[in-house]
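Numbering (this note's numbering), first residue to last: 1202 to 1715.
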């Protein structure tokens, strides 16, 4: 449960201990007061606790689960003391010769002690208050999950800011103290807090893209070009991420078509990359929402530029580089529709559990586990073939064209009538399997659709109307389709190289020079 940076007031209620399955409790950077309930030590499943930078007071106990956490979990609370914090603020133990205070029976306190109804009423009140608190807590969790509670401006700081805070005597937590902001653009003086603030502290209104492992936000800073900030869903180990960023930055300098990295932010709890904002979005966006912007010439030009960029990656030395995540959403277009290749080699920095994008996965990956999958130049070629099919047809890589269901079933060797109901793929809530022939949710893969129509000699029917109208010759359309079909060959060894692909596409773009 993460309720940090939300200006919460009040105290830590003992009722938190009732959440026996709680594993993460992050309440840092709020205005919480009072003491830390000893009952939190009963949370046996708790593996992360952070109540730093509040107004908590009293002694930090070391009993139970509380004993697992160091001083950083409680930093920034001047009123806290205890062995963990090595603080002398705690009141010393009372002298041994002090006499215990005796409360007269007829005093105000004694009056309540003699009331037989007091104990029962108190228990009822505690139960009611505990129930109310639990409901409020659950509601807060739901709000956080659904609405993605905005991050406060002090979530992360640049290295300079963290050092300045440390010099002022603030015991910063490691996630802030060890943060690193690296900027590759001369003259860009904005710190990470400024970038985040101009992205609405990463609220949903500033989201311009969302993928399997990251969300992209727009940060519009006055005086500077707007930035696209890619924030990873799970932080990457700083040493791995920083080494990878230096490598990718060097690659972009050598291959101009690669989307340049403007900088990055790295800390143990958050990882982000900065790029120039591309006003026309991705190739996928344009094909699906504004296809008229791209005639035959523009589409082939984009295919040529991308194929040459991937070919440069494949031929780079000393070691060959594979993109590993080629798709139309990773080809972004500037205001002049000039393409740039994004997310190159990022998969190397991520855990292998990240699933490939449906529709672009080569057949050799279908029966292999995440740990045994080996990306090669030919897996990039397969994905590029799908992109080329998108350019030619204007269709989504997971197509839903039930009019061709008969062709699909004939391709699979299944005798079925040409009716939408003839395609039956399990899509139960807990049984959403990915099929090599189909896709997720029962829609046909564009690859399957094209191969089925090609076997019937009807592949030209899938052409985008814009391509048909603007292509100077039907022969060029056929040659482009044939090239795409070679790219998606089931046998990886039969697929052409990116160098051969680029050569053929350049001939289609400039037939007079062929």
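Just so you know, even glycine gets a beta-carbon here, dropped at the ideal spot from N, CA and C.
CB-CB length for residue i against residue j, believed under 8 Å
{"i": "residue 1475", "j": "residue 1428", "result": "5 Å"}
{"i": "residue 1583", "j": "residue 1696", "result": "7 Å"}
{"i": "residue 1451", "j": "residue 1385", "result": "With 8 Å as the limit, residue 1451 and residue 1385 do not qualify as a contact, their Cβ atoms being about 10 Å apart."}
{"i": "residue 1204", "j": "residue 1238", "result": "Contact flag wrong, Cβ pair sits at about 16 Å."}
{"i": "residue 1540", "j": "residue 1503", "result": "5 Å"}
{"i": "residue 1546", "j": "residue 1513", "result": "Actually they do not touch by this definition, with Cβ atoms about 13 Å apart."}
{"i": "residue 1693", "j": "residue 1579", "result": "4 Å"}
{"i": "residue 1266", "j": "residue 1247", "result": "5 Å"}
{"i": "residue 1391", "j": "residue 1425", "result": "7 Å"}
{"i": "residue 1223", "j": "residue 1202", "result": "6 Å"}
Residue j beta carbon less than 8 Å from that of residue i
{"i": "residue 1487", "j": "residue 1495", "result": "yes"}
{"i": "residue 1688", "j": "residue 1589", "result": "yes"}
{"i": "residue 1397", "j": "residue 1415", "result": "no"}
{"i": "residue 1260", "j": "residue 1235", "result": "no"}
{"i": "residue 1405", "j": "residue 1436", "result": "no"}
{"i": "residue 1241", "j": "residue 1217", "result": "yes"}
{"i": "residue 1510", "j": "residue 1459", "result": "yes"}
{"i": "residue 1262", "j": "residue 1275", "result": "no"}
{"i": "residue 1515", "j": "residue 1507", "result": "no"}
{"i": "residue 1650", "j": "residue 1597", "result": "no"}
{"i": "residue 1382", "j": "residue 1466", "result": "yes"}
{"i": "residue 1680", "j": "residue 1661", "result": "no"}
{"i": "residue 1595", "j": "residue 1492", "result": "yes"}
{"i": "residue 1586", "j": "residue 1685", "result": "yes"}
{"i": "residue 1683", "j": "residue 1564", "result": "no"}
Reduced DSSP category for residue i - H, G, I as helix; E, B as strand; rest coil
{"i": "residue 1562", "result": "coil"}
{"i": "residue 1275", "result": "helix"}
{"i": "residue 1534", "result": "strand"}
{"i": "residue 1414", "result": "coil"}
{"i": "residue 1227", "result": "strand"}
{"i": "residue 1667", "result": "helix"}
{"i": "residue 1262", "result": "coil"}
{"i": "residue 1448", "result": "helix"}
{"i": "residue 1706", "result": "helix"}
{"i": "residue 1539", "result": "coil"}
{"i": "residue 1161", "result": "Absent from the structure is residue 1161, since the part of the chain shown begins at 1202 and ends at 1715."}
{"i": "residue 1383", "result": "strand"}
{"i": "residue 1409", "result": "strand"}
{"i": "residue 1528", "result": "coil"}
{"i": "residue 1674", "result": "coil"}
{"i": "residue 1685", "result": "helix"}
{"i": "residue 1402", "result": "coil"}
{"i": "residue 1240", "result": "helix"}
{"i": "residue 1212", "result": "strand"}
{"i": "residue 1545", "result": "coil"}
{"i": "residue 1357", "result": "In this predicted model, residue 1357 has a pLDDT of only 37, less than 50, meaning its place in the structure is not dependable; the value taken from the coordinates is given anyway. Residue state, collapsed to three classes: coil."}
{"i": "residue 1696", "result": "coil"}
{"i": "residue 1576", "result": "coil"}
{"i": "residue 1586", "result": "helix"}
{"i": "residue 1656", "result": "helix"}
{"i": "residue 1393", "result": "helix"}
{"i": "residue 1433", "result": "strand"}
{"i": "residue 1550", "result": "helix"}
{"i": "residue 1249", "result": "strand"}
{"i": "residue 1217", "result": "helix"}
Residue i at chain B interface by Cβ criterion, 8 Å
{"i": "residue 1655", "result": "Annotation note: the requested chain B is absent from the structure, which comprises a single protein chain."}
Item checked: the stretch 1420-1431 in contact with the stretch 1443-1455 per 3-pair CB rule at 8 Å -> no
Check: What alpha helix (DSSP H) runs, 4 residues minimum, are completely inside the stretch 1456-1525?
Finding: 1484-1490, 1497-1515
Margin query: Check whether the stretch 1247-1257 and the stretch 1226-1235 are in contact - that is, three or more C-beta pairs closer than 8 Å.
Written below: yes
Item checked: Touch test, the stretch 1658-1670 against the stretch 1693-1709, Cβ-Cβ under 8 Å, three pairs minimum -> no
Notebook entry, point to check: Quick check: the stretch 1478-1486 against the stretch 1530-1539, are there 3 or more CB pairs under 8 Å?
Noted result: yes
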